[in-house]
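Numbering (this note's numbering) for the sequence shown: 1343 to 1492. C-beta: ideal position from N, C-alpha, C; glycine also. See below for the structure under consideration.
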Amino acid sequence: MSFDRRSYLLTQRLALFFSTALLLTSAAHAVQPVEPADVCPALRHIVDAPDFRQLHAQPAAQLPGVADADDCHANTHAYDCRWRAHWQADGVVSDPLEELGADIAACFPTVVHDVNTPTRQHFVVTTADRRVNVTASVQGQNELRLRITR
């Protein structure tokens, strides 16, 4: 085989390789997974609230996945929300309780994670003014509960 013929075949193979790589890169960018909603702003707003009863009417306290403010109940010292969760993978973790627990741990710089079971996650968040308990748990079939107390 002559040098010209070998260089032509090499050029063809390189062109095919780079075309395939470009096509795969384009396809990977087109099918990016949907990122789960960021729960941190709502969690911080709830934990910092001076009175949980006022949160019912505040959009900043709306947790992702909670369809209606009526899914949350509040009194002066407790905020309690329940919602149906989907148990399919939507982020890094396929278990919504683990995902919520990871979000809670990541949202607060002064958090202690002291209970971690398959059905319950408990955290203590210390702020300048108070100590807040945050409990995420599974309540029945595909239902999550988030209870924040002080």
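Measuring C-alpha to C-alpha distances from G1482 to each of R1462, R1492 and V1466 identifies R1462 as the nearest.
The alpha carbon of A1402 has as its nearest neighbour, out of A1420, D1380 and H1419, the alpha carbon of D1380. By the neighbour-count criterion, in which 16 or more other beta carbons inside 10 Å mark a residue as buried, E1485 falls on the exposed side. If you draw a 10 Å sphere on the C-beta of V1476, you find 16 or more other C-beta atoms in it, and that means buried.
Ranked by how close their Cα comes to the Cα of T1452, the residues A1384, H1387 and T1468 have T1468 in first place.
A residue is called buried once 16 or more other Cβ atoms fall within 10 Å of its Cβ, and C1449 is buried on that count. Following the DSSP letters along the chain, one finds V1389 inside the alpha helix (DSSP H) bounded by residues C1382 to D1390.
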